[in-house]
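Input: a single structure, listed below in C-alpha cells.
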Amino acid sequence: MAYEMFSTLYCKLPGEVMIDILSRVPIKPLLKFKTVSKSWNALITDPLFISMHVDRSAMFEDESLLLLHRHDNNHSTFLYSLSNAEKFKILDMPRIPYDEGFWIVGCLNGLLCLTTRNNLFNTNYFLFNPALREFSPLPQHQSTLAKFDKIELVSVGFGYDSRTKDYKMVRLEYYTLSHLHFANADVYTLSTDSWKQINVTSRVYVREMICKVFVKGTLHWTADQGDNERCIVTYDVENETFGNLPLPNIPHIADEIYWEVHVCQELLAIAYCYRQGNNLRFDIWVMDEYGVGQSWKKQFTVGPHSDFAVLLGISNSCELLFYNSYYFFVSVFDPTSNKTRHIDIPGSFGSLEVADYRKSLVTVKRKHHVKRDFNSWKHYDLQFLLFVLLVCLAAYLISSSIKDFIF
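With numbering that gives the first Met the number 0, letter number 123 in the sequence shown gets 122, and the count goes up by one each step, no holes.
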C-alpha cells in the first residue's frame, strides 16, 4: 500500500525535482545512501550533482575551523575540526613515507591541498577530503629549471575555477641566470591530472612559499617591486593570468614587523603588525571594492597585546586567530565584543595552521571528473530513490515527535 502511494507520487514528480531535493541533503546521510544501490551511488558521485551540492552546502552544512598541528618530536601531523560550540575532534590523517609533516596549501569546498615542503626540487603535493577520507598524491612536478640549480624560491597556491568547476594548483619558481631574475609558472589541473606551463607576465618577486589567500577567484601573494615598493601579486585561476594590486596608501612605519594578506568576510584584507614597546599591534585593512586601490579602509586594530605573537588567520565570522606565545596555543579574538577565548590545543611556534572548512562530496579520484549531461540522471532508479528518501523523512519526523513528547 505504502509503495503504491510512493509510486503514484513518483509519477507526478519530475526527476529534476528529485535531484534538487537530494542536493539539499547533508553529507552524512548521503554517504550512507551511496551503499543503497548502484544507481544511487552513480548519482551521488556524479560531478554535476557534486557541484550542485557544493553550491548549496552553506544552507545545511555547518562551517568549522581546521587546525593543523605538526609535532616536532615525531614529525607527525594532527588535524582538528573545531565547531562553533568550541568542541573539537581529531580527524584521521593519511600516513605517508615522509618525515617532514604536512603544510596546508589551501582549503576550498571541503578539499585540502597539502604539501610536505621538504626542499625546493623534491616537493610532494596531495589532495585530501576529510569527509570522504580520500587522499591522493599529485603527479610529481618536473621542474624544467632544475638543471640550472639556481632556483631561489618556490611558491604554491590552490584555487577553484568556477567556470569549469575544476581545482588548480599553481607553482611559481624564481631563479637567476646570468645575474638576471626570472620566473617560471606551472599549473596542475585536477580534471586532467596533469601539469602545464603558463606565461608569467609579472616580474614582481613574491615573498611567501605558500599562498593561502583565495578570494574573488584569484590567488594573492605579498610581493616586493624593488626600491622599497610593495604590492600584491595576483593570479586569476579561471583566465590563468597574473597581475598586481596596490596596497593602502599609508606611509611605511619603522616599527612595522611584517605585513601579509588575508580574507575577511570574503573581502581581500591586509594585516600590518607593528611593535609598540614590548607588545604587538595589528591593523587590519580591507578592500571594499575589489581591484580598486582607493577602496582600502582600516577595519579595526587589535592590541597592543603582549601574548599575541602571530596572526594565523581570520575566520569567515571575522574572528582573528593568533598564536599565543604565553600559553603556547591558539587564541581567538572577536573584534566586535573585544573578547578572547582559547583553543586548548598546545603547539610550538610555527607548528600550527588554520583554515576554514565545510564538508563536501568533492572527490580526489580522477575518474569521477568526467562531465556528464543532466539527461543522464533519467537513467537512475528515481522511484526507488524517492521511496528511501520519504522513508528517511518519515523516520526523522517520528523521532522529532518523540523528542517533543518527552521534553
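Yeah, the Cβ is synthetic: ideal placement off N, Cα and C, and Gly gets one too.
Open item on the list: Can you tell me which residues form a DSSP beta bridge with I103?
Closed with: L113, per the DSSP bridge assignment.
- [ ] Taking A41 as part of the beta strand (DSSP E), name the residues at either end of that continuous run.
- [x] First-last for A41: 37–43, but that is the alpha helix (DSSP H), not the beta strand (DSSP E).
Open item on the list: Whole angstroms are fine: how far does the CA of L218 sit from the CA of Y204?
Closed with: 15 Å
Task: Presumed contact (8 Å Cβ cut-off) between E237 and S161, rounded CB distance - done: For E237 against S161, the beta-carbon gap comes to about 7 Å, under 8 Å, which counts as contact.
- [ ] Measure the Cβ-Cβ separation of T122 and E151 and say whether it is below 8 Å.
- [x] no
- [ ] May I have the straight-line CA-CA distance separating T34 from I43, to the nearest angstrom?
- [x] 10 Å
Open item on the list: How far does the beta strand (DSSP E) with K296 in it extend, from its first residue to its last?
Closed with: 295–304
Open item on the list: Ignoring anything shorter than 3 residues, give me the beta strand (DSSP E) runs that lie fully in the stretch 195–257, in order along the chain.
Closed with: 212–214, 217–225, 228–235, 240–244
Open item on the list: Just to confirm before moving on: does the CB-CB distance between L320 and H304 stay below 8 Å?
Closed with: Not closer than 8 Å, so no.
- [ ] Would you decide whether K338 is buried or exposed? Buried here means 16 or more other CB atoms lie within 10 Å of its CB.
- [x] exposed
TODO: Could you have a look at R280 and say whether DSSP puts it in helix, strand or coil?
DONE: strand
- [ ] Please state if the CB of P345 and the CB of F328 are separated by a distance shorter than 8 Å.
- [x] yes
Task: Proximity of L110 and I103 at Cβ, strictly below 8 Å - done: no
Task: Euclidean distance between Cα positions of R229 and S330 - done: 30 Å
Open item on the list: Quick check on this structure: which residue in L360, V309, P247 has the alpha carbon closest to the alpha carbon of Q298?
Closed with: The alpha carbon of Q298 has as its nearest neighbour, out of L360, V309, P247, the alpha carbon of P247.
Task: Of the residues L126, T114, W295, the one placed nearest S190, counting alpha carbons only - done: L126
- [ ] Could you check if V53 is buried or exposed, using at least 16 other CB atoms within 10 Å of its CB as the buried criterion?
- [x] buried
Task: Close Cβ partners of M58 (< 6 Å) along its chain, the five nearest in sequence each way excluded - done: none
TODO: Buried or exposed for G312, please, with buried defined as at least 16 other CB atoms from any protein chain shown within 10 angstroms of its CB.
DONE: buried
Task: Where R274 falls: helix, strand or coil (DSSP) - done: strand
Task: Proximity winner among V232, R132, T240, relative to D185 (alpha-carbon distances) - done: Of V232, R132, T240, the residue nearest in Cα terms is T240.
TODO: With a threshold of 16 other CB atoms inside 10 Å of the CB of H68, please say whether the residue is buried or exposed.
DONE: buried
Open item on the list: Using DSSP's beta-bridge definition, name the partner residues of R69.
Closed with: According to DSSP, which records beta bridges pairwise, R69 is partnered with T76.
- [ ] With L320 as the anchor, note down where its beta strand (DSSP E) starts and where it stops.
- [x] 319–323
- [ ] Following the continuous beta strand (DSSP E) through E310, name the residue where it begins and the one where it ends.
- [x] Note that residue 310 is Leu in the sequence shown here, rather than Glu. From DSSP, the beta strand (DSSP E) with L310 extends over 307–313.
Task: Neighbourhood of N40 by C-beta, 7 Å cutoff - its chain only, sequence neighbours within 5 removed - done: K33
Task: Three-state secondary structure assigned by DSSP to F327 - done: DSSP, read as helix, strand or coil, puts F327 in coil.
TODO: Identify the continuous alpha helix (DSSP H) that holds L152 and give its terminal residues.
DONE: That residue, L152, is in no alpha helix (DSSP H); its beta strand (DSSP E) goes 150–160.
TODO: Go ahead and pull the three-state DSSP assignment for A57.
DONE: In the structure shown, the three-state DSSP call for A57 is helix.
TODO: With DSSP collapsed to three states, give me the class of H52.
DONE: helix
Task: Cutoff 6 Å; reference M208; Cβ partners in own chain excluding five residues on either side - done: S154
- [ ] Could you give the DSSP three-state label for K414: helix, strand or coil?
- [x] Any answer about residue 414 is impossible in this case: the structure gives the chain only from 0 up to 406.
Open item on the list: Once DSSP output is grouped into helix, strand and coil, what is the label at W376?
Closed with: With a pLDDT of only 44 at W376, under 50, the local geometry of the prediction cannot be trusted, and the value read off the model is given with reservation. DSSP places W376 in helix when its eight states are reduced to three.
Open item on the list: I need the boundaries of the beta strand (DSSP E) containing P136, first residue and last residue.
Closed with: Where P136 is concerned, the enclosing beta strand (DSSP E) stretches over 133–136.
- [ ] Figure out for me which residue from S336, S63, K167 has the closest Cα to the Cα of C210.
- [x] K167
Task: Identified DSSP bridge partners for V285 - done: A268, K296
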